[in-house]
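Chains as they are written, first to last, in my numbering: chain A, 108 to 199; chain B, 13 to 171. Yeah, the Cβ is synthetic: ideal placement off N, Cα and C, and Gly gets one too. A quick note: this is a predicted structure, and the numbers were derived from the prediction, not measured. Inspection log for the structure reproduced underneath, given as structure tokens.
Below, the structure written as structure tokens:
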């Protein structure tokens, strides 16, 4: 891993179009500013990881969820909109 | 030469672990250019609808019969839930307005409850059939928003 020392308001460039600025340093907390093109996704790593973990667990889900007690009914318009995306009906 | 239009009788057979062979309408496939988080290799999915009244759907991978997610319309459960879609994400989806997006949340079973991941919603352009999974940076939603608490252990385990 490349390790660099930077002062407040200094920055590093990653490639031609990603800039990371040290905005503020207080105690053990550093505030970073990221200037990046819209196509570059920037996330806090722990949020990214938690979603990844949730996806992995969700992929192992089995069973029928259609008749859960307490499930709300959908607004007709939304249900119709989603039906228009559905590629098939399944009897599960 | 035939042009395939939605709603025609043309079908494609897809092998799935959970539902056996499913005949789907190939004009209704959903493409996720980046896949879903942790599953980047799988780009093409079909939304499967179990019944007319249900609020749950399956997002079934076309490339891997084993890979499928239960998804739901989060707004049916969490009133006021909105997804802040950034300009770059709208462009990528080919959407002009955030209101035109169709939103899904991936469903999970966690600690005796059915939960939905509101932190990483799936956003779809229904017209172009393109989707992305967003990572919401602000903590407006939880990755485990409880939808239904499951009674006892008699969970809907078997298909």
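Which partner residues does residue i have in the DSSP bridge list?
i, result
"residue 69(B)", "83(B)"
"residue 32(B)", "28(B)"
"residue 51(B)", "48(B)"
"residue 129(A)", "139(A)"
"residue 128(B)", "119(B) and 157(B)"
"residue 142(B)", "43(B) and 137(B)"
"residue 119(A)", "127(A)"
"residue 94(B)", "DSSP lists no partner for residue 94(B)."
"residue 195(A)", "60(B)"
Below 8 Å between beta carbons: does that hold for residue i and residue j?
i, j, result
"residue 150(A)", "residue 73(B)", "no"
"residue 77(B)", "residue 28(B)", "yes"
"residue 121(A)", "residue 113(A)", "no"
"residue 195(A)", "residue 37(B)", "yes"
"residue 146(B)", "residue 111(B)", "no"
"residue 82(B)", "residue 168(A)", "yes"
"residue 161(A)", "residue 118(B)", "yes"
Given a threshold of 16 other Cβ atoms within 10 Å of its Cβ, counted over all protein chains shown, does residue i qualify as buried or as exposed?
i, result
"residue 139(B)", "exposed"
"residue 181(A)", "buried"
"residue 157(B)", "buried"
"residue 132(A)", "exposed"
"residue 91(B)", "exposed"
"residue 165(A)", "buried"
"residue 96(B)", "exposed"
"residue 22(B)", "exposed"
"residue 52(B)", "exposed"
"residue 103(B)", "exposed"
"residue 133(B)", "buried"
"residue 165(B)", "Summary for residue 165(B): the model assigns pLDDT 49, below 50, so the residue's position carries little reliability; its value from the coordinates is reported in the next sentence. Flag for residue 165(B) reads exposed."
"residue 26(B)", "buried"
"residue 134(A)", "exposed"
"residue 66(B)", "buried"
"residue 34(B)", "buried"
"residue 106(B)", "exposed"
How many whole angstroms separate the CB atoms of residue i and residue j, which I take to be in contact at a CB cut-off of 8 Å?
i, j, result
"residue 115(B)", "residue 86(B)", "6 Å"
"residue 69(B)", "residue 189(A)", "7 Å"
"residue 42(B)", "residue 57(B)", "5 Å"
"residue 135(B)", "residue 113(B)", "5 Å"
"residue 40(B)", "residue 109(B)", "Between residue 109(B) and residue 40(B) the Cβ distance is about 22 Å, and since that is not below 8 Å, they are no contact."
CB of residue i to nearest heavy atom of the ligand COA: below 7 Å?
i, result
"residue 124(B)", "Ligands displayed in this structure: none; no statement on the ligand COA is therefore possible."
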